[in-house]
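Residue numbers (the working numbering): 11 to 130.
Glycine residues also receive a C-beta, built at the ideal position from the N, C-alpha and C atoms.
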């Protein structure tokens, strides 16, 4: 019964227009009817859940620590290796396309859908 109600509420939510905020440190893509794409800069956007989807990700510089790893060499020496990866998203279409196609293979088979992180 609750699954049925959840499906009804989800359908109603898709039928009504929604207002979504892209934060100042984010960029997004709005996909209309699975093919038309528009890059979204920070700001407020109105979209229809039936026809459109919005995907967004942070584009500020991020830092990822790599945990220290200990290994022994052939000579019996102990080495500890660690590091930091610093990266920044510059092409939102490539990032969203790579991540979304990995999760949803249907769209990677659709030639009209050339690119699509967080999904609203």
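- residue 96 to residue 79 span [Cα, whole Å]: 19 Å
- Item | Inter-residue Cα distance where the pair is residue 60 and residue 39 | 16 Å
- At what residue ranges does the stretch 23-61 contain a whole run of the beta strand (DSSP E), taking only runs of 3 or more? 27-32, 36-42, 46-50, 53-58
- Query: Quick one: any contact between the stretch 64-72 and the stretch 87-104, if contact means 3 or more CB pairs under 8 Å?
  - Reply: yes
- Select from 58, 31, 35 the residue whose C-alpha is nearest the C-alpha of residue 22. 58
- Task: Starting from the C-beta of residue 63, find all residues in its chain whose C-beta is less than 6 Å away, skip the five residues before and the five after it, and write them out in chain order.
- Result: 41
- Which of helix, strand or coil DSSP assigns to residue 84: coil
- Message: Cutting at 8 Å between CB atoms, please list the residues of its own chain near residue 89, excluding the five before and the five after it.
- Response: 80, 81, 82, 83
- Message: Taking the straight line between their C-alpha atoms, what separation do you get for residue 50 and residue 85?
- Response: 55 Å
- Using a threshold of 8 Å, state whether the C-beta atoms of residue 52 and residue 36 are closer than that. yes
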